[in-house]
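In what follows, a structure is listed as structure tokens, so that the remarks can point back to it.
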Amino acid sequence: MLEDQTTAASAAPWPAAYPQGYAVVDVETTGLSRDDRIISAAVYRLDARGEVEDHWYTLVNPERDPGPVWIHGLTNDVLEGAPLFKDIAEEFATRLDGRVLVAHNAVFDWSMIAREYARAERTAPVRQRLCTIALSKELGLPLPNHKLESLAAHFGVVQRNAHHALDDARVLAEAFRPSLRAAASGGVRLPLLECRPLTEWTDGAARIGRQGSAPSSSSYGGGGTWRPSRKRQPCPYPNPGRYEPGKQLKQGMRVAFSGDTSVDRELLEDRAVEAGLHIATSLSRLTSVLVTNDPDSYTSKAVKAKQYGTPVIDEAAFGQLLRDVAPASDG
């Protein structure tokens with residue numbers, strides 16, 4: 001089956017709009033919060049058709065507790081002599097430069113990388129990313145779940161050392177190549193998303209701004225805290241009820257957000273408000289839809305969404321739906 005897909009892809013004309021190169025990335029971290037740090041990183045550089053050009057791996061001294069050692073196996077003793085991120089930032093950048101960043105749950109890897117570059121007072125040379133979870137959905141792969149091990153098993157890729165950045169990056173590169181070729185043969189549009197740069201000040205507050213412009217006035221505090229809440233004008237439209245998958249969002253719908261987003265949360269909320277949606281700070285039975293990139297997390301909103309049967313969509317789907325929000329019903 002895989003050989004048939006590869007043969008079909010090689011016979012079909014390669015889509016001209018596809019990127020010219022990819023950087024398949026995996027990072028291991030001290031945790032999942034905004035103040036957590038990268039402790040190892042790996043990059044497989046691929047050409048336009050997914051063939052491996054080279055690979056690179058490094059440990060990184062996080063200058064703090066390494067976090068869940070039972071997962072990644074990297075102890076204080078192992079990391080003590082490792083370089084700081086600022087010392088490997090240049091080499092890392094050369095691996096990313098001019099390529100699309102590819103990762104499994106790419107919003108997480110990109111967020112961690114962007115923050116590390118901000119701490120080093122630099123900008124990662126990445127403009128687009130591709131999440132292999134999103135690509136597997138576009139391809140309609142019959143996976144039991146969206147874990148890397150399931151994607152690997154589908155393509156017959158053997159994992160040798162799970163949660164080791166180099167092996168995870170290798171596994172993902174080997175699974176991405178047939179995915180890319182299947183997409184090319186089927187004329188599938190790749191789910192590419194913008195990577196917004198991050199800047200950070202000495203007080204530890206991090207901000208997301210547009211490339212080449214001043215950052216927005218919103219900020220995220222250190223210690224994994226969210227930005228200060230902001231008062232908004234009440235939504236002028238009545239709540240039309242829950243979002244129905246496959247249909248449009250409608251003005252007045254109550255939208256809640258949970259977890260990390262690649263686009264600054266305030267920018268997402270501003271776009272939603274401009275489209276006529278109501279921003280819900282908590283989740284209730286009246287919430288129309290929950291936007292989250294990690295629906296299986298145990299945040300209070302994700303848990304309540306499952307309890308109430310609230311529809312859940314990811315950030316990419318929400319961004320698409322925002323382009324065409326249905327007007328509120330008359331009367």
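In the UniProt record's numbering, the protein residues as written are 1 to 331. For every residue, glycine included, the Cβ atom is placed at its ideal position computed from N, Cα and C. On a predicted model such as this, the values are computed, not experimentally measured, just so you know.
Could you give the distance in angstroms between the alpha-carbon of Asn145 and the alpha-carbon of Ile113?
-> Computed Cα separation, rounded: 26 Å.
Let me know the secondary structure DSSP gives Trp14 once reduced to three states.
-> Trp14 carries a coil assignment under DSSP once its states are collapsed to helix, strand and coil.
Nearest-angstrom Cα distance between Thr261 and Thr123?
-> Whole-angstrom Cα-Cα distance: 18 Å.
Per-residue DSSP class, three states only, for Asp97 = The answer is coil: DSSP assigns Asp97 none of H, G, I, E or B.
Counting Cβ pairs closer than 8 Å, one from the segment 126–135 and one from the segment 28–38, do we hit at least three?
-> Result no; under three Cβ-Cβ pairs closer than 8 Å.
Taking C-beta to C-beta, are Tyr22 and Val100 nearer than 8 Å?
-> In contact: Tyr22 and Val100 (Cβ atoms closer than 8 Å).
Check whether the Cβ atoms of Ser284 and Tyr243 sit closer than 8 Å, and answer yes or no.
-> Contact flag unset, no.
Short Cβ contact (8 Å threshold) for Arg119 with Phe155 = Taking 8 Å as the Cβ cut-off, Arg119 and Phe155 do not qualify as a contacting pair.
Would you please state the rounded distance, in angstroms, between the beta carbons of Ala152 and Ala175? I believe it to be under 8 Å.
-> The beta-carbon separation of Ala152 and Ala175, rounded to 5 Å, stays under the 8 Å limit for a contact.
Mapping DSSP to helix, strand and coil, what is Phe155?
-> Residue state, collapsed to three classes: coil.
Does the Cβ of Val158 have 16 or more other Cβ atoms within 10 Å, making it buried, or fewer, making it exposed?
-> Looking at its Cβ environment, which holds fewer than 16 other Cβ atoms inside 10 Å, Val158 is exposed.
Option nearest Ser111 by Cα separation, candidates Arg323, Gln307, Asn293 | Of the candidates Arg323, Gln307, Asn293, the one whose C-alpha sits nearest the C-alpha of Ser111 is Asn293.
Are there three or more Cβ pairs, one per stretch, closer than 8 Å when the segment 53–63 is compared with the segment 73–83?
-> Note that the segment 53–63 touches the segment 73–83; at least 3 beta-carbon pairs, one per stretch, sit closer than 8 Å.
Going along the chain, which residues of its own chain have a beta-carbon closer than 7 Å to the beta-carbon of Ser213, five neighbours each way excluded?
-> Because Ser213 sits at a pLDDT of 33, beneath the cut-off of 50, its placement in the model cannot be relied upon, and the point is left open.
Starting from the Cα of Ala93, find the closest Cα among Val25, Gly246, His163 and give me that residue.
-> Checking every option, the nearest Cα to that of Ala93 belongs to Val25.
What are the complete beta strand (DSSP E) segments, minimum 3 residues, inside the segment 79–125?
-> Whole beta strand (DSSP E) segments, 3+ residues: 100–103.
Three-state secondary structure (DSSP) of Arg160 | Shown here, Arg160 sits in coil according to DSSP, grouped into three states, outside any helix or strand.
From which residue to which residue does the beta strand (DSSP E) around Leu59 run?
-> Looking at the DSSP string, the run of the beta strand (DSSP E) that includes Leu59 is 52–59.
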